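Q:
2 protein chains.
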Amino acid sequence: MTWDRAVTRNDVARYAQVSPAVVSYVVNKGPKRVRPETEARVLEAIRVLGYRPNAAARALKLRSQEIFGLVLSSGGNALFVELANAIEDAAKAERFAVILTNSRASAAKEREHLRNLVARQVDGILLASVDAVPDISDVSAAGVPIVLLDNTGTVPAVPSLGADLEGGAYAAVSHLIGHGHQRIGMISGPPGDHPDGRETGWLRALSEHGLPEGPLLPAKVSRFGGYQAARRMLAFPGAPTAIFTSGDAQAVGALRAIHEAGKHIPEDVAVISFDGSTEAEYTWPPLSTMRQPVDEIARDAVTALLALKAGGGTPPQHRHYTTTLQARGSCGCADTPA
Amino acid sequence: MTWDRAVTRNDVARYAQVSPAVVSYVVNKGPKRVRPETEARVLEAIRVLGYRPNAAARALKLRSQEIFGLVLSSGGNALFVELANAIEDAAKAERFAVILTNSRASAAKEREHLRNLVARQVDGILLASVDAVPDISDVSAAGVPIVLLDNTGTVPAVPSLGADLEGGAYAAVSHLIGHGHQRIGMISGPPGDHPDGRETGWLRALSEHGLPEGPLLPAKVSRFGGYQAARRMLAFPGAPTAIFTSGDAQAVGALRAIHEAGKHIPEDVAVISFDGSTEAEYTWPPLSTMRQPVDEIARDAVTALLALKAGGGTPPQHRHYTTTLQARGSCGCADTPA
Numbered sequence: 579m580t581w582d583r584a585v586t587r588n589d590v591a592r593y594a595q596v597s598p599a600v601v602s603y604v605v606n607k608g609p610k611r612v613r614p615e616t617e618a619r620v621l622e623a624i625r626v627l628g629y630r631p632n633a634a635a636r637a638l639k640l641r642s643q644e645i646f647g648l649v650l651s652s653g654g655n656a657l658f659v660e661l662a663n664a665i666e667d668a669a670k671a672e673r674f675a676v677i678l679t680n681s682r683a684s685a686a687k688e689r690e691h692l693r694n695l696v697a698r699q700v701d702g703i704l705l706a707s708v709d710a711v712p713d714i715s716d717v718s719a720a721g722v723p724i725v726l727l728d729n730t731g732t733v734p735a736v737p738s739l740g741a742d743l744e745g746g747a748y749a750a751v752s753h754l755i756g757h758g759h760q761r762i763g764m765i766s767g768p769p770g771d772h773p774d775g776r777e778t779g780w781l782r783a784l785s786e787h788g789l790p791e792g793p794l795l796p797a798k799v800s801r802f803g804g805y806q807a808a809r810r811m812l813a814f815p816g817a818p819t820a821i822f823t824s825g826d827a828q829a830v831g832a833l834r835a836i837h838e839a840g841k842h843i844p845e846d847v848a849v850i851s852f853d854g855s856t857e858a859e860y861t862w863p864p865l866s867t868m869r870q871p872v873d874e875i876a877r878d879a880v881t882a883l884l885a886l887k888a889g890g891g892t893p894p895q896h897r898h899y900t901t902t903l904q905a906r907g908s909c910g911c912a913d914t915p916a
Numbered sequence: 579m580t581w582d583r584a585v586t587r588n589d590v591a592r593y594a595q596v597s598p599a600v601v602s603y604v605v606n607k608g609p610k611r612v613r614p615e616t617e618a619r620v621l622e623a624i625r626v627l628g629y630r631p632n633a634a635a636r637a638l639k640l641r642s643q644e645i646f647g648l649v650l651s652s653g654g655n656a657l658f659v660e661l662a663n664a665i666e667d668a669a670k671a672e673r674f675a676v677i678l679t680n681s682r683a684s685a686a687k688e689r690e691h692l693r694n695l696v697a698r699q700v701d702g703i704l705l706a707s708v709d710a711v712p713d714i715s716d717v718s719a720a721g722v723p724i725v726l727l728d729n730t731g732t733v734p735a736v737p738s739l740g741a742d743l744e745g746g747a748y749a750a751v752s753h754l755i756g757h758g759h760q761r762i763g764m765i766s767g768p769p770g771d772h773p774d775g776r777e778t779g780w781l782r783a784l785s786e787h788g789l790p791e792g793p794l795l796p797a798k799v800s801r802f803g804g805y806q807a808a809r810r811m812l813a814f815p816g817a818p819t820a821i822f823t824s825g826d827a828q829a830v831g832a833l834r835a836i837h838e839a840g841k842h843i844p845e846d847v848a849v850i851s852f853d854g855s856t857e858a859e860y861t862w863p864p865l866s867t868m869r870q871p872v873d874e875i876a877r878d879a880v881t882a883l884l885a886l887k888a889g890g891g892t893p894p895q896h897r898h899y900t901t902t903l904q905a906r907g908s909c910g911c912a913d914t915p916a
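Residue numbers (the working numbering), protein chains in the order written: chain A, 579 to 916; chain B, 579 to 916.
Structure representation (structure tokens):
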């Protein structure tokens, strides 16, 4: 069968010997009820004829495509794979599908994705932006619901969800201090106009324990970014004995750089990270990291979008999520089998 | 602005002082040409009013949503993240968006995704199935174009694309033999009705070199699957000195198991894998692997779908792709900086 001779609702009605309206009731599960025998006959006709209700016509009627757009900032963020999967699941539970786009750390690409999704009239957009303060003017102008992910509430009147960066970083660095480290460096993300909570938390932990500020190197949020930064940091005079990275991908790169330098982890250099991706569990040594509650964030993000779409309700706000320490071998903790 | 008082084409036409048809020409980039000054006026009106052309109405007219569905079998396959990104790029170049779904190694979930995508009337489906011989009856019955990924041509009359598994495995195992290994085990995927080309290639390399068949352990296609299998394999009497895994995720798990057993890689146990994901570059030691040409596969998959959608043309066929050895530290080759 091809598009050119598509089976219509009338074909199904004729085959099942019911009215076209009854076919609609079966397909849409309402609004009127259909007797089980009749429903079975309609379903059999749909199966035999290979009928597909016209999705475009349905969307036109419902004024909804039941599709969300997801814009991720980077394939390099180890957690985003898991976040995308979790969002897909959460959306599916509400009968929504998800169009996935990836801006690969490019703000221009991000705006292009946003514009395309707006043009497609998706029912809402979830955005993990390249920028701390994303430019969502095209989305706002079009009145499309949007919720920011991996964000700290930087856009007024737009709901956002994000991990408690400062609290998580403070806990991670304090944990390293508990292992006896006194020179703790940080590999951060690219510098932006907005201060990063992880940097603030790292500094606060150091200063509260009377420790000097360790070296700070900004790097791309990727394995390669972390690799390069760690290589440089290890070559510093008085190189740190421990490194905190702003994400798992960077930490994975840092581990490679430390191994290559012939140093032992965690004896010579300890590492602790932020994210809690599955990849972190299988590095060598396994990576200690502050885990974000990905499934919870995904569910809340979809709920927030649906609330915006429905209109009214509570005003947009920022929700932040506490991270939990996954202590493994890279920080000096005992490791357990996977 | 909300959905309830959406700006219409007529509003734009009035604001720009043109006819509604001219607005359509600008929005659809044709069929008639519009003078640059007029186009600028229309675009300005669109911007000011926040007009969004009705995507559902357009889809109804075009009989196309310009959306492909992508069904991946597992979040555990290290390469699928890169494949999904590459497919998104290739589709975007043709103005198509991609709905991503993940069946998490469940055949039931896979059929559900396929049915949902058919109901949405996507323009085509790319399927990396859980099964060697996928059940695509719902898709075929509906006449929706489908192309199989990560497949070896197992469904007659359905185009498929996949790596040359046997050739790649043969090359990988021969490489290990070149490093002097004589007891080479394999961690394969879950057993199925269809023989896996990687297994055949592994066996052929061993037998052509007069080596005994090493231990073979089927495992889930995941880091944890590879971890468990490697743990068991290392405990065998006469454990192998080298392991070939059917995918990078399994190899990543195997590396952790070998480290935990206190053995050195590659001196005590060498590892070589299949896929060529970015993750493989940052394990310790970095993972030698047979790289699949992901971008090429993604482009060809989208081209094949578009050809099916257009109808006619060459009959469906299987295309296979040669893999190339990325020799790194895990097999015993010298490693270069990332």
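Note that CB positions come from ideal geometry on N, CA and C, so glycine has one too.
Predicted model, so just to flag it, every value in this text is computed and none were measured.
Find the residues of chain A that neighbour B:T856, judging by a C-beta separation of less than 8 angstroms, and give them in chain order.
A: Reading the second sequence from its first residue, position 278 is the one you call residue 856 of chain B. Those within 8 angstroms of B:T856 in chain A are R801.
Q: Span of the alpha helix (DSSP H) holding B:N694?
A: Translated into positions along the second sequence, residue 694 of chain B becomes position 116. It spans A685 to A697 - the alpha helix (DSSP H) in which B:N694 sits, taken as one unbroken run.
Q: Is the beta carbon of A:T856 sitting closer than 7 angstroms to the one on A:V830?
A: As a working mapping, residue 856 of chain A is identified with position 278 in the first sequence. As a working mapping, residue 830 of chain A is identified with position 252 in the first sequence. Their beta carbons are not under 7 angstroms apart, which means A:T856 does not touch A:V830 by this criterion.
Q: Note down, in chain order, each residue of its chain lying with its Cβ closer than 7 angstroms to the Cβ of A:P894, except the 5 sequence neighbours on either side.
A: Residue numbering aside, residue 894 of chain A sits at position 316 when the first sequence is read from its first letter. Same-chain partners within the cutoff: A735, V736 and P737.
Q: Can you give the Cα-Cα distance for A:E615 and A:V604, rounded to whole angstroms?
A: Here residue 615 of chain A is taken as the residue at index 37 of the first sequence, counted from 1. Here residue 604 of chain A is taken as the residue at index 26 of the first sequence, counted from 1. If you take the alpha carbons of A:E615 and A:V604, they lie about 12 angstroms apart.
Q: What does a CB cutoff of less than 8 angstroms around B:P769 pick up in its chain, not counting 5 residues either side in sequence?
A: Residue 769 of chain B sits at position 191 when you count from the first residue of the second sequence. Once the five neighbours on either side are set aside, the close Cβ partners of B:P769 are P796.
Q: Could you tell me how far apart the beta carbons of A:D846 and A:D826 are, in whole angstroms, since I believe they sit closer than 8 angstroms?
A: For this step, residue 846 of chain A is matched to residue 268 along the first sequence. For this step, residue 826 of chain A is matched to residue 248 along the first sequence. At roughly 21 angstroms, the Cβ-Cβ gap does not stay under 8 angstroms, so A:D846 and A:D826 are not in contact.
Q: For A:D582, collect the residues of the same chain with a Cβ closer than 8 angstroms to its Cβ; drop the 5 residues on either side in sequence, then sort them by chain order.
A: Within the first sequence, residue 582 of chain A is the residue found at index 4, counting from 1. Because A:D582 carries a pLDDT of 42, less than 50, the predicted location of this residue cannot be relied on, and the following value inherits that uncertainty. Same-chain partners within the cutoff: there are none.
Q: Along the alpha helix (DSSP H) that carries B:A827, what are the first and last residues, could you check?
A: Stepping through the second sequence from its first residue, residue 827 of chain B is reached at position 249. Run containing B:A827: D826 to E838, per the alpha helix (DSSP H) assignment.
Q: Since A:W862 meets chain B, which of its residues come closer than 8 angstroms, beta carbon to beta carbon?
A: As a first step, residue 862 of chain A is located in the first sequence; it is residue number 284 there, counting from the start. Within chain B, the residues near A:W862 are L833, R834, H837, T861 and W862.
Q: Specify whether the region 721-728 of chain A and the region 870-885 of chain A touch according to this definition: at least 3 beta carbon pairs, one from each stretch, less than 8 angstroms apart.
A: The region 721-728 of chain A, when compared against the region 870-885 of chain A, does touch it at the 8 angstroms Cβ threshold.
Q: Kindly indicate if chain B contains any beta-carbon less than 7 angstroms away from that of A:I677.
A: Here residue 677 of chain A refers to the residue found at position 99 when the first sequence is read from its first residue. Output row for A:I677: interface = yes.
Q: Just to confirm before moving on: does the CB-CB distance between A:S785 and A:A706 stay below 7 angstroms?
A: For the purposes of this step, residue 785 of chain A is taken as residue 207 along the first sequence, with counting starting at 1. For the purposes of this step, residue 706 of chain A is taken as residue 128 along the first sequence, with counting starting at 1. Taking 7 angstroms as the Cβ cut-off, A:S785 and A:A706 do not qualify as a contacting pair.
Q: B:A848 and B:A807 look like a contact to me (Cβ under 8 angstroms); what is the Cβ gap, rounded to whole Å?
A: Residue 848 of chain B sits at position 270 when you count from the first residue of the second sequence. Residue 807 of chain B sits at position 229 when you count from the first residue of the second sequence. That pair is no contact at about 16 angstroms.
Q: Please list, in chain order, the chain A residues whose beta carbon lies closer than 7 angstroms to that of B:E666.
A: Locating residue 666 of chain B in the second sequence gives position 88, where the first residue counts as 1. In chain order: L678, T679 and N680.
Q: Residues of chain A with CB closer than 8 angstroms to the CB of B:G628, please, in chain order.
A: For the purposes of this step, residue 628 of chain B is identified with residue 50 of the second sequence, where counting begins at 1. Neighbours of B:G628 on chain A, chain order: A719, A720 and G721.
Q: Looking at A:V676: is its Cβ nearer than 7 angstroms to the Cβ of A:F646?
A: Translated into positions along the first sequence, residue 676 of chain A becomes position 98. Translated into positions along the first sequence, residue 646 of chain A becomes position 68. The answer is yes: Cβ separation under 7 angstroms.
Q: Would you give the residue range spanned by the alpha helix (DSSP H) that B:A720 belongs to?
A: Along the second sequence, read from residue 1 onward, the residue named residue 720 of chain B stands at position 142. Here the alpha helix (DSSP H) through B:A720 covers S715 to A720.
Q: Counting Cβ pairs, one atom from each stretch, are 3 or more of them under 8 angstroms apart for the region 896-907 of chain B and the region 863-877 of chain B?
A: A contact exists between the region 896-907 of chain B and the region 863-877 of chain B.
Q: For A:R682, which of B:R869, B:D589, B:A839 and B:E660 has the nearest alpha-carbon?
A: On the first sequence, residue 682 of chain A is found 104 positions in, with the first residue counted as 1. Checking every option, the nearest Cα to that of A:R682 belongs to B:E660.
Q: Between the Cα of A:I762 and those of A:E777, A:R673 and A:K798, spot the shortest distance and give me the residue it belongs to.
A: Within the first sequence, the letter at position 184 stands for residue 762 of chain A. If we check each option's Cα against that of A:I762, A:E777 comes out closest.
Q: Can you tell me the Cα-Cα spacing of A:L704 and A:L648, whole angstroms?
A: The residue you call residue 704 of chain A lines up with position 126 of the first sequence. The residue you call residue 648 of chain A lines up with position 70 of the first sequence. Going by the C-alpha atoms only, they are around 5 angstroms apart.
Q: Which same chain residues, not among the five before or five after A:A623, have their C-beta less than 6 angstroms away from its C-beta?
A: To locate residue 623 of chain A, count along the first sequence from 1; it is residue 45. Closer than 6 angstroms at the Cβ level, and outside the excluded window around A:A623, lie V590, Y593 and A594.
Q: Please report the straight-line C-alpha distance between A:D701 and A:L692, rounded to a whole angstrom.
A: Within the first sequence, the letter at position 123 stands for residue 701 of chain A. Within the first sequence, the letter at position 114 stands for residue 692 of chain A. So the two alpha carbons sit approximately 13 angstroms from each other.
Q: DSSP three-state call for A:L727: helix, strand or coil?
A: As a working mapping, residue 727 of chain A is identified with position 149 in the first sequence. DSSP places A:L727 in strand when its eight states are reduced to three.
Q: Helix, strand or coil, according to DSSP, for B:A885 in the structure here?
A: Within the second sequence, the letter at position 307 stands for residue 885 of chain B. It is helical.
Q: Helix or strand or just coil, what does DSSP make of B:R611?
A: Indexing the second sequence from 1 puts residue 611 of chain B at position 33. Coil.
Q: Can you give the Cα-Cα distance for A:V711 and A:V733, rounded to whole angstroms?
A: In the first sequence, the residue the question calls residue 711 of chain A occupies position 133. In the first sequence, the residue the question calls residue 733 of chain A occupies position 155. In a straight line, the C-alpha of A:V711 is about 6 angstroms away from that of A:V733.
Q: Can you list, in chain order, the residues of its chain with a C-beta nearer than 7 angstroms to that of A:E859? Leave out the 5 residues immediately preceding and following it.
A: In the first sequence, the residue the question calls residue 859 of chain A occupies position 281. Answer for A:E859: A916, listed in chain order.
Q: Taking B:G740 as the reference, which of B:F802, B:C911 and B:Y899 has the closest Cα?
A: Here residue 740 of chain B corresponds to residue number 162 of the second sequence, with the count starting at 1. Checking every option, the nearest Cα to that of B:G740 belongs to B:Y899.
Q: Could you tell me which residues DSSP puts in a beta bridge with B:Y918?
A: Nothing about residue 918 of chain B can be reported from this structure: the residues present for chain B run from 579 to 916 only.
Q: Grab me the residues of A:R877's own chain with a C-beta within less than 6 angstroms of its C-beta, minus the 5 sequence neighbours each way, in chain order.
A: As a working note, residue 877 of chain A is residue 299 in the first sequence. Answer for A:R877: A668, listed in chain order.
Q: How would you call A:P773, buried or exposed, if buried means at least 16 neighbouring beta carbons within 10 angstroms?
A: If you number the first sequence from 1, residue 773 of chain A lands on position 195. Burial call: exposed.
Q: Between A:A916 and chain B, is any beta-carbon pair separated by less than 7 angstroms?
A: Within the first sequence, the letter at position 338 stands for residue 916 of chain A. Yes, its Cβ sits closer than 7 angstroms to a Cβ of chain B.
Q: Would you call the CB atoms of A:G775 and A:L743 closer than 7 angstroms?
A: One-based indexing of the first sequence puts residue 775 of chain A at position 197. One-based indexing of the first sequence puts residue 743 of chain A at position 165. Their beta carbons are under 7 angstroms apart, which means A:G775 touches A:L743 by this criterion.
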